[in-house]
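Q: One structure follows; several queries about it will come next.
Number of protein chains: 2
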Amino acid sequence: MAAPPDLERAILAQALAACGRHCAVLEPGEVWLVGAGPGDPKLLTLDALSALAQADVLVHDALIDPRILALAREGSQLHFAGKRAGHPSTPQGDINDELIDFARRGLRVVRLKGGDPFVFGRGAEEALALAAAGVPFRVVPGITAGLGGLASAGIPATHRGVNRAIIFATGHDPDDEGALDWHALARTGQPIVIYMGLRNLERIARALVEGGLSPDTPAAVISAATTPDQRILVSSLGGIAEAAHRAEPPAPALVVIGEIVPLRARLHGAEP
Amino acid sequence: MAAPPDLERAILAQALAACGRHCAVLEPGEVWLVGAGPGDPKLLTLDALSALAQADVLVHDALIDPRILALAREGSQLHFAGKRAGHPSTPQGDINDELIDFARRGLRVVRLKGGDPFVFGRGAEEALALAAAGVPFRVVPGITAGLGGLASAGIPATHRGVNRAIIFATGHDPDDEGALDWHALARTGQPIVIYMGLRNLERIARALVEGGLSPDTPAAVISAATTPDQRILVSSLGGIAEAAHRAEPPAPALVVIGEIVPLRARLHGAEP
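Below, the structure is given as C-alpha cells:
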C-alpha cells in the first residue's frame with residue numbers, strides 16, 4: 182500500500198530520532214554481518230538500513246530480495262557471493278577470504294544475509310574467519326525467515342495451551358557431519374519449523390512419523406514468505422510431501438509442522 | 182556511538198526509499214500487534230517505526246525499552262497494560278477488551294510487545310480475540326529476544342558441525358496446562374534457549390541433566406540483552422542456577438544451554 186506523504190514525513194522523523202542518537206558508524210576496514218530479514222523491505226531494521234547507507238561494498242547472497250538491493254547506497258559496489266540453483270556456488274572459504282580482503286583494503290564492508298545471519302546462514306563461519314584474521318566485525322540481527330514467514334502466514338509461533346517451545350531445524354542434507362535426530366525432535370511434541378526442507382521433505386516427514394508424530398499432525402509450506410510471490414500450502418504431516426511435490430512452491434520455502442498451523446484458519450478471516 | 186550528520190541523512194534517504202513505496206497505512210479502527218525487538222531502538226523494523234508514527238494509542242508492556250517509548254508520535258496516548266514485578270498485572274482478558282474498545286472508538290491502535298509478538302508474548306491470544314470480535318488487525322514481526330540476545334552476546338544460534346536445530350522454550354510455570362517435557366528436549370542434543378527461565382532454573386537444569394545432558398554442558402545467562410544494562414554470565418548446566426542466584430542478573434533474562442555457548446570466546450576477541 183502506498184504511504185501518504187505525511188506518513189512518510191512522520192516515519193523519517195522517527196528514524197532520525199531513533200538513529201540520530203543510537204546508530205553505529207561503520208568504519209573503514211570493518212565488516213558488518215547484517216540480517217536482511219525474510220524479504221519485505223519494511224522488515225529491515227534501522228541498524229540494517231544504516232549498514233546499507235554506509236557500505237562501500239555489499240556482499241550478498243542470491244536470496245536477498247531485489248527490493249532490498251535497490252536500497253544500497255549510490256556508489257556502493259554490489260558483490261554477489263551466494264549459491265544459485267543450477268550455477269556453481271562460491272565456496273564458503275572464498276567468501277571468507279573476500280570479506281577479509283575487502284576489509285584489509287580499507288573498505289566499509291557489509292555482508293548482507295537473508296533472515297538472521299546466525300540462523301542457518303553460515304554467518305558464524307564468516308564471523309569466526311574474521312575473528313581469526315583480526316578483522317573487526319559486528320553482527321546485526323535480522324528477522325529470521327522462520328518467524329517472519331510464520332507471522333506473514335498468520336501462524337503464531339507459540340500459543341498458550343498449544344505449545345511451550347518451538348524448534349527451528351534445517352532440512353539441508355549434511356555433507357560432513359551426522360544427520361539430525363528427527364525421531365528425538367518428534368518426541369518433544371513441540372512444533373517444528375524446517376528451513377530448506379523441501380528437497381528432503383518426504384524422508385523428514387517419514388522420520389517424524391516413525392518418531393511418534395501422527396500423520397494427521399497439521400503441516401504447512403510457506404514459500405517466498407513476505408514477498409509478492411508468497412504461497413501457503415496447508416496439509417498434514419502424512420500428505421505434505423506429496424502436496425508440495427504437486428504444487429512446486431517457489432523457493433525459499435519453510436515447512437511448519439504442529440498444532441499451531443490450524444490457528445491460521447481462526448486468525449486469517451480478520452486479517453486485512 | 183553518535184552518528185555523524187551525513188550518515189543520518191543517508192539513513193533517512195534509505196528509510197524514505199524503503200517506506201515510501203512499501204509502508205502500510207494504519208487505518209482508524211485497526212489494531213497492529215507490533216514486535217519492538219529486544220530493546221535497542223536500532224533493532225526496530227521500519228514497519229514498527231511506521232506503527233509508532235501512526236498510533237493514536239500505544240498499548241505497551243513493562244518490558245518495552247524507554248528509548249523506544251520515547252519514539253512514540255507526539256500526541257499519541259501511552260497506555261500501560263503489562264505485568265510489573267510486585268504490582269498486580271492486567272488480566273489478559275482485560276487487555277483484549279481494551280484493544281477491541283480502542284478500535285471500536287475509531288482509534289489507530291498499536292499494541293507494542295517486546296521481541297516478536299508471536300513468541301511467548303500471548304500475542305496469539307490477542308490476535309484471536311481481535312479476530313473473534315471482527316476487529317481488523319495486522320501482525321508486525323520483531324527481532325525475538327532469543328536471537329537478538331544471542332547476537333548481542335556473540336553466541337551464534339547455529340554453527341555448522343555444532344548444531345542443526347535450535348529450541349526456544351519458555352521457563353515460565355504453567356498454571357492451566359501440562360509442563361514442558363524437559364527430558365525430551367534434552368534428548369534432542371540441540372541447544373536450548375529459555376525465555377523467562379531464571380525463576381525455575383534450578384529445576385529446569387536438573388530436569389535437563391536427568392534427560393541426559395552432561396552437567397558440563399556449557400550454559401550462559403544473557404540479561405537485559407541489547408540494552409546498556411546487558412550482562413552475560415557463562416557457566417555450565419550444573420553450575421548455572423547457583424551462579425545466577427549469586428549474580429542476580431537484571432530481568433529480562435535468557436538462558437542458553439549447549440555447545441554454541443563456547444563459540445563466544447572465539448568470536449568475542451575481535452568484536453568492536
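If you read the protein sequences in the order shown, they are chains F and E.
Just so we're aligned: the first sequence equals residues 182 to 453 in this note's numbering.
Just so we're aligned: the second sequence equals residues 182 to 453 in this note's numbering.
Glycine is no exception: its CB is placed at the ideal position from the N, C-alpha and C atoms.
The structure displayed is predicted, hence computed values, not measured ones.
So does the region 188-197 of chain E actually touch the region 442-449 of chain F, counting three or more Cβ pairs closer than 8 Å?
A: Flag = no, the region 188-197 of chain E and the region 442-449 of chain F do not touch.
Q: Can you list, in chain order, the stretches of the beta strand (DSSP E) that have 3 or more residues and sit fully within the region 295-347 of chain F?
A: Segments of the beta strand (DSSP E) lying fully in the region 295-347 of chain F: 318-321.
Q: So if DSSP puts Gly439/E in a beta bridge, which residue, or which two residues, is it bridged to?
A: Sequence index remark: in the second sequence, residue 439/E carries index 258 (1-based). None, per the DSSP bridge assignment.
Q: Please list, in chain order, all residues of the same chain as Asp357/F whose beta carbon is under 6 Å from its beta carbon, the five residues on each side excluded.
A: Taking the first residue of the first sequence as 1, we reach residue 357/F at position 176. At Asp357/F, the pLDDT of 49 sits below 50, so the modelled position is not reliable; the number obtained from the coordinates is stated separately. Cβ neighbours of Asp357/F beyond the five flanking positions: none.
Q: Can you tell me which of Leu224/F, His364/F, Pro433/F puts its alpha carbon nearest to the alpha carbon of Phe301/F?
A: For the purposes of this step, residue 301/F is taken as the residue at position 120 of the first sequence. That would be Pro433/F, whose Cα lies nearest to the Cα of Phe301/F.
Q: Examine chain E for any beta-carbon lying closer than 9 Å to the beta-carbon of Pro222/F, and answer yes or no.
A: Position 41 of the first sequence, counted from the first residue, corresponds to residue 222/F. At least one chain E Cβ lies under 9 Å of Pro222/F.
Q: State yes or no: is the beta carbon of Gly420/F nearer than 9 Å to at least one beta carbon in chain E?
A: Along the first sequence, read from residue 1 onward, the residue named residue 420/F stands at position 239. For Gly420/F, the answer is no, since every Cβ of chain E falls outside 9 Å of its Cβ.
Q: Please confirm if the region 391-402 of chain F is in contact with the region 375-384 of chain E, defined as three or more CB-CB distances below 8 Å between the two stretches.
A: The region 391-402 of chain F is not in contact with the region 375-384 of chain E.
Q: Taking 7 Å as the limit between beta carbons, can you name the residues of its chain near Val343/F, skipping five residues before and five after?
A: Counting from one through the first sequence, the residue named residue 343/F turns up at place 162. Same-chain partners within the cutoff: Glu440, Ile441.
Q: According to DSSP, is Leu244/E helix, strand or coil?
A: Counting from 1 along the second sequence, the entry for residue 244/E is found at position 63. Coil, per DSSP.
Q: For Thr271/E, which residues from the same chain have a beta carbon less than 6 Å from its beta carbon, with the 5 sequence-adjacent residues on both sides left out?
A: Locating residue 271/E in the second sequence gives position 90, counting from the first residue. Within the same chain, Thr271/E has close Cβ partners Ala262.
Q: Are Ala310/E and Leu280/E touching if we call contact CB-CB under 9 Å?
A: Taking the second sequence and counting its residues from 1, one reaches residue 310/E at position 129. Taking the second sequence and counting its residues from 1, one reaches residue 280/E at position 99. In contact: Ala310/E and Leu280/E (Cβ atoms closer than 9 Å).
Q: Closest by CA to Gly420/F, which one among Arg345/F, Ala305/F, Glu383/F?
A: The count along the first sequence starts at 1 and reaches residue 420/F at position 239. The shortest Cα separation from Gly420/F among Arg345/F, Ala305/F, Glu383/F belongs to Glu383/F.
Q: What are the start and end residues of the alpha helix (DSSP H) that includes His426/F?
A: Position 245 of the first sequence holds residue 426/F. Taken as a continuous stretch (DSSP letters only), the alpha helix (DSSP H) holding His426/F covers 421-428.
Q: Who are Arg292/F's beta bridge partners in DSSP?
A: Numbered from its first residue, the first sequence carries residue 292/F at position 111. Paired residues: Leu214/F, Val240/F.
Q: So, does the CB of His241/F fall closer than 9 Å to a CB anywhere in chain E?
A: Working through the first sequence from its first residue, we reach residue 241/F at position 60. His241/F does not count as touching chain E.
Q: Shortest alpha-carbon distance to Thr226/E belongs to which of Gly329/E, Val402/E, Ser395/E?
A: What you label residue 226/E is simply residue 45 of the second sequence in a count that begins at 1. For Thr226/E, the nearest C-alpha among the options comes from Gly329/E.
Q: Evaluate Ala326/F with the Cβ neighbour count: other Cβ atoms within 10 Å of its Cβ, from every protein chain shown; 16 or more gives buried, anything less gives exposed.
A: Locating residue 326/F in the first sequence gives position 145, where the first residue counts as 1. With 16 or more Cβ atoms within 10 Å of its Cβ, Ala326/F is classed as buried.
Q: Use the C-beta contact count for Gly256/F: other C-beta atoms within 10 angstroms, 16 or more gives buried, fewer gives exposed.
A: For this step, residue 256/F is matched to residue 75 along the first sequence. Classification for Gly256/F: exposed.
Q: Which same chain residues end up closer than 7 Å to Ile385/F when comparing Cβ atoms and leaving out the 5 residues on each side of it in sequence?
A: Your numbering for residue 385/F matches position 204 in the first sequence. Excluding positions up to five away in sequence, the list reads Gly352, Trp363, Ile375, Gly378.
Q: Anyone know if the C-beta pair for Ile403/E and Ser333/E falls short of 9 Å?
A: In the second sequence, counting from the first residue as 1, residue 403/E sits at position 222. In the second sequence, counting from the first residue as 1, residue 333/E sits at position 152. In this structure, Ser333/E lies closer than 9 Å to Ile403/E by Cβ.
Q: Taking all protein chains shown into account, decide if Gln371/E is buried (16 or more other Cβ within 10 angstroms of its Cβ) or exposed.
A: Taking the first residue of the second sequence as 1, we reach residue 371/E at position 190. Buried.
Q: Less than 9 Å separating the beta-carbons of Val206/E and Leu188/F?
A: On the second sequence, residue 206/E is found 25 positions in, with the first residue counted as 1. On the first sequence, residue 188/F is found 7 positions in, with the first residue counted as 1. Cβ distance < 9 Å, so Val206/E and Leu188/F count as in contact.
Q: Taking 9 Å as the threshold (beta carbon to beta carbon), is Gln371/F in contact with chain E?
A: Working through the first sequence from its first residue, we reach residue 371/F at position 190. Yes, contact with chain E.
Q: Short of 7 Å Cβ to Cβ, which residues in the region 324-349 of chain E face chain F?
A: Going along the region 324-349 of chain E in chain order, one finds Ile324, Thr325, Leu328, Gly329, Leu331, Ala332, Pro337, Ala338, Thr339, His340, Arg341, Gly342, Arg345, Ala346, Ile347, Ile348, Phe349 with a Cβ nearer than 7 Å to chain F.
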